[in-house]
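Just below is one structure, and these are the notes that go with it.
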Amino acid sequence: MAVVDDDADVRVALMRLISSAGFATETFASGAEFMKSLSDSSPECLVLDLHMPEVSGFEVQQLLHERHVEMPVVIITGRDTAESRSRALGLGARAYLAKPVDGDSLLQAISTALCDQEASRER
């Protein structure tokens with residue numbers, strides 16, 4: 008599991024929440040840092056903030072698509088707009104949640120995304 012968010016407090020809170028559900032979790036402060044990490048490993052799911060400096064969540068989604076990296080993405084954002092939601096889901100996000108994120112909703116979104124990913128692999 009990977010968490011990408013430029014806000015350190017959010018990263019720590021999300022890591023604690025996701026780890027408490029039994030997932031090994033890595034955190035990244037930027038989209039660029041996360042993309043560099045993919046040469047070493049590929050997480051089973053990505054929790055991704057949309058609005059970050061340098062490489063946005065939208066750009067991370069596009070790069071994953073261009074590199075044919077198959078991993079479910081759960082979007083979290085503090086700037087929820089219909090346009091952002093449409094764009095993120097159009098780029099393949101499995102879920103889109105507005106901050107502050109409800110912990111149970113996030114864990115459910117991750118679980119659903121992982122189940123959907125597994126089902127698509129079995130087809």
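Just so you know, we're using my numbering here: the sequence shown kicks off at 8 and counts up by one.
Where is the CB? At the ideal position from N, CA and C, for every residue including glycine.
Just so we're clear, the structure is a prediction, and the values are computed from it rather than from any experiment.
Can you give me the start and stop residues for the alpha helix (DSSP H) that residue i sits inside?
i, result
"Val-16", "Here residue 16 turns out to be Asp, not Val, going by the sequence shown. Start and end: 15-27."
"Leu-114", "110-129"
"Leu-71", "64-73"
"Glu-40", "38-44"
"Leu-96", "89-97"
Assuming contact is defined by CB atoms lying nearer than 9 Å, are residue i and residue j in contact in what I supplied?
i, j, result
"Met-59", "Asp-12", "yes"
"Ile-117", "Val-67", "no"
"Leu-104", "Leu-113", "yes"
"Glu-33", "Ser-49", "no"
"Val-10", "Val-76", "no"
"Met-22", "Glu-51", "no"
"Ala-95", "Val-62", "no"
Can you name the start and end residues of the beta strand (DSSP E) that residue i belongs to?
i, result
"Ala-9", "9-11"
"Ala-105", "102-105"
"Phe-35", "33-35"
"Leu-53", "53-56"
"Val-80", "80-84"
Around the Cβ of residue i, are there at least 16 other Cβ atoms within 10 angstroms (buried) or fewer (exposed)?
i, result
"Gly-64", "buried"
"Asp-56", "buried"
"Val-19", "exposed"
"Arg-74", "exposed"
"Ala-31", "exposed"
"Ala-102", "buried"
Alpha carbon to alpha carbon, what distance is there between residue j and residue i?
i, j, result
"Gly-85", "Ser-27", "23 Å"
"Ala-15", "Ser-37", "10 Å"
"Ser-127", "Ala-100", "15 Å"
"Ile-25", "Gly-110", "9 Å"
"Pro-107", "Leu-71", "26 Å"
"Ser-91", "Gly-97", "10 Å"
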